[in-house]
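Reading through the structure tokens given below for one structure.
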Amino acid sequence: MYPDGVDPNVPKCYVSTHPADLELINDGGESQNLSIEVVFEDAETVYADDLSLAPRDTTVEEDVFDRSGKYTIRATLSGSETIVETWTLQERYVGEGGPGWIIGISESGELSSNRAGHM
1 MYPDGVDPNV PKCYVSTHPA DLELINDGGE SQNLSIEVVF EDAETVYADD LSLAPRDTTV
61 EEDVFDRSGK YTIRATLSGS ETIVETWTLQ ERYVGEGGPG WIIGISESGE LSSNRAGHM
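Heads up: the sequence shown runs through residues 1 to 119, numbered per full-length UniProt numbering.
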């Protein structure tokens, strides 16, 4: 038995939280302007940006969804097509490759959204 109850020969494992990400993908052959806004609990804007995505470009905005609660995700493509999604995150994910959202622009220029990872 060890004085503090911990075997000093057992390796320590450090666990870190990795809040959910927002991935933005342009699968098309032309640059696209994308406006993104993520609002927490209908009150706090946690992410907002106007981006220009190059053809076949992917951008990952890390740790956007960093606490439990309701998020509203609004994406507008070149000032015209808009999608709005609501997502309730039950608990923070621990580790890599957790949940998140993908906002995509197809080859034909259509806007889409999908949840990703472990839900």
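Idealized CB from N, CA, C, for every residue including glycine.
Shown here, residue 50 sits in a strand according to DSSP, grouped into three states.
Under the DSSP assignment, residue 33 falls in the beta strand (DSSP E) whose first and last residues are 32-40. For residue 114, the enclosing beta strand (DSSP E) starts and ends at 111-116. Scanning its chain for C-beta atoms nearer than 6 Å, with the 5 sequence neighbours on each side dropped, one finds around residue 36 the residues 49 and 75, in chain order. Bridge pairing for residue 84: 74 [DSSP]. The beta carbons of residue 27 and residue 63 sit no closer together than 9 Å. Of the candidates 86, 112 and 53, the residue whose Cα lies closest to the Cα of residue 65 is 86. In the three-state DSSP reduction, residue 26 falls in the strand class (E or B).
Cβ contact annotation for residue 31 (same chain, cutoff 7 Å, sequence separation greater than five): 52, 53, 54 and 55, in chain order. Exposed is the label assigned to residue 60, since fewer than 16 other Cβ atoms lie within 10 Å of its Cβ.
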